[in-house]
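Working notes for the structure below.
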Amino acid sequence: MDMNRERTSARTWFGLVIVLGPVLLVAMDASVLYLAMPRVIADLAPSADQALWILDSYSFVVGSLLIAFGNLGDRYGRLRLLMIGAVVFGTGSVGAALSPTPEALIGCRVLMGLGGATLLPSSLAVIGELFADPRRRTQAIGIFAATFAAGFAIGPVVGGLLLSRFPWGSVFLINVPVVVGFLVLAPIVLREVRAGRPGRIDVASVALSAGGLLLAVYAVKDVAAHGIAVGPMVAGLAGTALLVWFVRRQRTLEHPLMDVGLFRDRVFTVAIITSASTLVVWAASIYLTGIHLQSVLGLPVLIAALLALPGAAVLTLTCVGTPVLVRRIGARAALITAHFCMGAGLLLLLTLTATGGVGPFVAATMIAGVGYGISFSLVADIAVSAAPSGRAGAAAALAETGNELGHALGIALLGSLAALIFRLLGPDVAGTLDETLRTPGLSAAAADRAREAFVTGLHVTVAVGGALCLALGVLALRWIPREGPPRQRESAEETAPVAP
Numbered sequence: 114m115d116m117n118r119e120r121t122s123a124r125t126w127f128g129l130v131i132v133l134g135p136v137l138l139v140a141m142d143a144s145v146l147y148l149a150m151p152r153v154i155a156d157l158a159p160s161a162d163q164a165l166w167i168l169d170s171y172s173f174v175v176g177s178l179l180i181a182f183g184n185l186g187d188r189y190g191r192l193r194l195l196m197i198g199a200v201v202f203g204t205g206s207v208g209a210a211l212s213p214t215p216e217a218l219i220g221c222r223v224l225m226g227l228g229g230a231t232l233l234p235s236s237l238a239v240i241g242e243l244f245a246d247p248r249r250r251t252q253a254i255g256i257f258a259a260t261f262a263a264g265f266a267i268g269p270v271v272g273g274l275l276l277s278r279f280p281w282g283s284v285f286l287i288n289v290p291v292v293v294g295f296l297v298l299a300p301i302v303l304r305e306v307r308a309g310r311p312g313r314i315d316v317a318s319v320a321l322s323a324g325g326l327l328l329a330v331y332a333v334k335d336v337a338a339h340g341i342a343v344g345p346m347v348a349g350l351a352g353t354a355l356l357v358w359f360v361r362r363q364r365t366l367e368h369p370l371m372d373v374g375l376f377r378d379r380v381f382t383v384a385i386i387t388s389a390s391t392l393v394v395w396a397a398s399i400y401l402t403g404i405h406l407q408s409v410l411g412l413p414v415l416i417a418a419l420l421a422l423p424g425a426a427v428l429t430l431t432c433v434g435t436p437v438l439v440r441r442i443g444a445r446a447a448l449i450t451a452h453f454c455m456g457a458g459l460l461l462l463l464t465l466t467a468t469g470g471v472g473p474f475v476a477a478t479m480i481a482g483v484g485y486g487i488s489f490s491l492v493a494d495i496a497v498s499a500a501p502s503g504r505a506g507a508a509a510a511l512a513e514t515g516n517e518l519g520h521a522l523g524i525a526l527l528g529s530l531a532a533l534i535f536r537l538l539g540p541d542v543a544g545t546l547d548e549t550l551r552t553p554g555l556s557a558a559a560a561d562r563a564r565e566a567f568v569t570g571l572h573v574t575v576a577v578g579g580a581l582c583l584a585l586g587v588l589a590l591r592w593i594p595r596e597g598p599p600r601q602r603e604s605a606e607e608t609a610p611v612a613p
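Numbers in my numbering are just positions in the sequence shown, counted from 1, shifted up by 113.
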């Protein structure tokens, strides 16, 4: 009997490892291109707005469809959806690696996003089903969160290490062995999960949310790249109208795609804003500092990857150690610490110049990494604890959606802000720094002006991001009660994050 239990336990933990493979890939692919973009720009010559779409179309699709695909898995089977998602993700990865044009690469990134939107919620549900013991299940959910955060953190490092020896397509081809291994082993080790949730998916809600976000993000990108014009402004207004319509529609549905009533709780609202804003500032700062290291300072991609490693290590270790920190100082103090660490790290990036700043960069990423790690690990738990017990799954789904949309909007909003500053202050040769520096016959004075304009855009962006983090820290001080979230867990099973 004991031997059987041991074998069952080993099989269960092996099942967790199998599921975490796709989870790591989904998180990594949101950030793996940051250090690869100079190479991609050199090979494919995308425009400024195409370069931004290459970066964030993936996270935009994942965030837009995460809740909808979670509902699909509830009704048609999580393992089945995992298998389909892995095939789509792997196909998109191969296509991205072989893309001959910017448009093809954007399309393949969208295809990868479709696969990623199926993998995240289904993985979490399958993990919950694997572990019957609530204590072990909580452990497994913590490992899931740490893996997801680690994927975000190590994506640029892995990309940089690969680019030091292989073409840029290698950052996508590394997905293929993991996907193939998952497709072979998952049917053997995992079992099907269905939640039997009532109601049907509201197709209109999916269309309104995705369409509204697409139009709004397009408007921001186009204005940043080309200036104010009638078309983008109309698109932005239409996108905003669709998102307002989406929110109003959720209030009238018996089974809404997104439970907007949860936002009546202040603690929950702070948690979701934190989940989105953390990824907004993290994505924009990592992307822009990667360009600074390579295109402004002229460092090889391998050196840039190694310089990013300390911050990634601090982020991952902090994510793993956050439960211990919370037990010592409480969730409220930990969340406030996260905001102020992120703000301090971002503001330290103001010391970067067109001729230096390697030391401040490493220090800034380590300080901010403490904040990011706490946030990634803690926010979902705070959101779930603040929600009524019957809405724990919806709360966890919104926290994950906030992460993905925050990542996409970080590039769309703050990345576009940096692009706008460059367009206004640069030598007006091309839309991006890399395009400008590759222009034949560019004078040394124009190249210096381009680098200075980029650094100014970086400074404005990190100043906005740092101010946002500090403001949210003050908001958390005011809104989150000292005794912690209003509803504490009565059992590990009740509030463990559950897929939508």
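Glycine residues also receive a C-beta, built at the ideal position from the N, C-alpha and C atoms.
Buried or exposed: which applies to residue i, given that a residue is buried once 16 or more other Cβ atoms fall within 10 Å of its Cβ?
i: D547; result: buried
i: A348; result: buried
i: G554; result: exposed
i: G528; result: buried
i: L211; result: exposed
i: A629; result: Outside the displayed range of the chain (114 to 613) lies residue 629, so it cannot be described from this structure.
i: S688; result: This structure cannot speak to residue 688, because the chain is shown only from 114 to 613.
i: G411; result: exposed
i: I131; result: buried
i: R377; result: exposed
i: V439; result: buried
i: P213; result: exposed
i: S556; result: exposed
i: L581; result: buried
i: A612; result: A caution first: A612 carries a pLDDT of 36, below 50, which makes its placement in the model too unreliable to give a value.
i: T468; result: exposed
i: I301; result: exposed
i: G264; result: buried
i: G519; result: buried
i: R591; result: exposed
i: G340; result: exposed
i: I593; result: buried
i: R124; result: exposed
i: D561; result: exposed
Rounded C-beta distance between residue i and residue j? I'm assuming under 8 Å.
i: L465; j: H405; result: 6 Å
i: A253; j: F244; result: 5 Å
i: A476; j: M455; result: Not really, about 14 Å apart at Cβ, beyond 8 Å.
i: D142; j: M196; result: About 19 Å separates the two Cβ atoms, so there is no contact after all.
i: A589; j: L448; result: 5 Å
i: A451; j: G273; result: With a Cβ gap of about 26 Å, A451 and G273 do not count as contacting.
i: I495; j: A446; result: That belief does not hold up - the Cβ atoms of I495 and A446 are roughly 12 Å apart, past 8 Å.
i: L538; j: T569; result: 6 Å
i: I385; j: A512; result: 6 Å
i: L157; j: G198; result: Not a contact, Cβ separation roughly 27 Å.
i: P269; j: I399; result: 6 Å
i: A531; j: L401; result: 6 Å
i: V394; j: L459; result: 6 Å
Ordered along the chain, which non-local residues of its own chain (more than five positions away) have a Cβ less than 6 Å from that of residue i?
i: W281; result: A149, R152 and V153
i: C432; result: A259, A262, G486, F489 and S490
i: T121; result: At T121, the pLDDT of 46 sits below 50, so the modelled position is not reliable; the number obtained from the coordinates is stated separately. Cβ neighbours of T121 beyond the five flanking positions: none.
i: S235; result: G186, R191, L194 and L195
i: T478; result: G424
i: L133; result: T260
i: A230; result: V175, L178, L179 and F182
i: G324; result: L355
i: T382; result: F376
i: T549; result: V542, A543 and A563
i: G352; result: G325, L328 and A329
Keeping to the same chain, check which residues put their C-beta closer than 8 Å to that of residue i; ignore five residues upstream and five downstream.
i: D335; result: D162, A342, G344, P345 and A348
i: I167; result: L146, M150, V153, P159, P215, L218, I219 and R222
i: R118; result: Caution is warranted here: a pLDDT of 46 is assigned to R118, below 50, making its placement in the model unreliable, and the coordinate value is therefore given only provisionally. Nothing listed; no residue qualifies.
i: P135; result: L195, G198, A199, F202, L232, S236, V291, V292 and F295
i: F474; result: T402, H405, L406, L420, L462 and L465
Within the same chain, show all residues whose beta-carbon is closer than 7 Å to that of residue i, passing over the 5 residues directly before and after it, in chain order.
i: A397; result: G523, I524, L527, G528, T574 and G578
i: V289; result: G203, S206 and V207
i: V414; result: L148, G273, L276, S277 and Q407
Please confirm whether any heavy atom of the ligand MG lies closer than 7 Å to the CB of residue i.
i: F173; result: Among the components of this structure there are no ligands whatsoever, and the ligand MG is therefore not found.
Fully enclosed by the segment 245 to 316, which alpha helix (DSSP H) runs are 4 residues long or longer?
Whole alpha helix (DSSP H) segments, 4+ residues: 247 to 276, 283 to 286 and 288 to 302.
What are the uninterrupted segments assigned as alpha helix (DSSP H) that are 4 or more residues long and contained completely in the segment 422 to 474, given in chain order?
Fully enclosed alpha helix (DSSP H) runs of no fewer than 4 residues occupy 444 to 461 of the segment 422 to 474, in order along the chain.
Which runs of the beta strand (DSSP E) at least 3 residues long sit entirely within the segment 168 to 213? Give them in chain order.
Within the segment 168 to 213, no complete beta strand (DSSP E) run reaches 3 residues.
Can you list, in chain order, the stretches of the alpha helix (DSSP H) that have 4 or more residues and sit fully within the segment 504 to 585?
Runs of the alpha helix (DSSP H) spanning 4 or more residues and lying entirely within the segment 504 to 585 occur at 505 to 522, 529 to 538 and 546 to 550, in chain order.
Contiguous alpha helix (DSSP H) assignments of at least 4 residues, all confined to the segment 377 to 417
Given a length threshold of 4 residues, each whole run of the alpha helix (DSSP H) inside the segment 377 to 417 is given here in chain order: 379 to 404.
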